[in-house]
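Residue numbers (the numbering used here): 10 to 162. I have placed the structure first, in the form of structure tokens, so that the comments after it can refer back to it.
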Ligand code: RB5
């Protein structure tokens with residue numbers, strides 16, 4: 010299950026990515042926003058990041074105008090590794106090296122074709138583990154120290 014959310018700046022990309030997920034038969038939950046009215050991205054980023062942090066969903070995809078605000082919000086949450094990507098290489102690295110569990114895209118940066126390509130690349134890529142796991146373990150150790158959370162992943 011993938012949870013998605015956007016503000017007004019990312020709404021059109023969210024709709025394009027939902028279409029991709031439908032085509033691929035991937036179940037998703039749309040956590041809003043539903044229309045183009047101006048909203049605050051933290052209110053929507055929080056919805057997806059909480060689910061990923063709790064392990065209620067495996068992955069999330071967030072959209073705002075630049076992707077910057079959503080990535081800042083999402084990365085406040087323990088166990089979240091949110092990656093703002095602007096090209097397919099970054100989308101692939103986000104999975105292969107960082108095992109990103111939230112992908113973040115900017116609706117004023119990318120067109121719908123680019124967004125679909127990046128989501129497909131991220132979904133199809135495989136986390137390499139190995140030397141990268143030690144680095145993710147260090148991030149988890151920081152979370153544990155700062156937030157007093159348990160470890161996961
Ligand atoms: C909204 O105007 C815009 O600030 C938001 O979509 C996002 O780009 C913030 O990072």
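The beta carbon of each residue, even a glycine, is placed where N, CA and C say it ideally should be.
Hey, could you find the ends of the beta strand (DSSP E) residue i is sitting in?
i           : result
residue 15  : 11 to 15
residue 146 : Here residue 146 belongs to no beta strand (DSSP E); instead the alpha helix (DSSP H) covers 140 to 156.
residue 39  : 37 to 39
Are the CB atoms of residue j and residue i within a distance shorter than 8 Å?
i          : j           : result
residue 40 : residue 53  : yes
residue 90 : residue 130 : no
residue 75 : residue 117 : yes
Can you tell me whether residue i is buried or exposed, with buried defined as 16 or more other CB within 10 angstroms of its CB?
i           : result
residue 127 : buried
residue 119 : buried
residue 135 : exposed
residue 43  : exposed
residue 18  : buried
residue 20  : buried
Whose C-beta lies closer than 8 Å to the C-beta of residue i among residues of the same chain, with five residues either side of it excluded?
i           : result
residue 26  : 13, 70, 72, 114, 124, 125 and 128
residue 137 : 105 and 106
residue 145 : 90, 107, 108 and 162
Excluding the five sequence neighbours on either side, which residues of its own chain have a C-beta within less than 6 Å of the C-beta of residue i, listed in chain order?
i           : result
residue 110 : 61, 68 and 90
residue 58  : 83, 86 and 89
residue 140 : none
residue 23  : 13, 15 and 72
residue 38  : 12
If I follow the unbroken alpha helix (DSSP H) through residue i, where does it start and stop?
i          : result
residue 52 : 50 to 63
residue 32 : 20 to 33
Starting from the C-beta of residue i, find all residues in its chain whose C-beta is less than 7 Å away, skip the five residues before and the five after it, and write them out in chain order.
i           : result
residue 103 : 92, 94, 109, 112 and 131
Runs of alpha helix (DSSP H) wholly within the stretch 66 to 136 (minimum 4 residues, chain order): Counting only runs of 4 or more, we get 77 to 83, 97 to 105 and 121 to 133.
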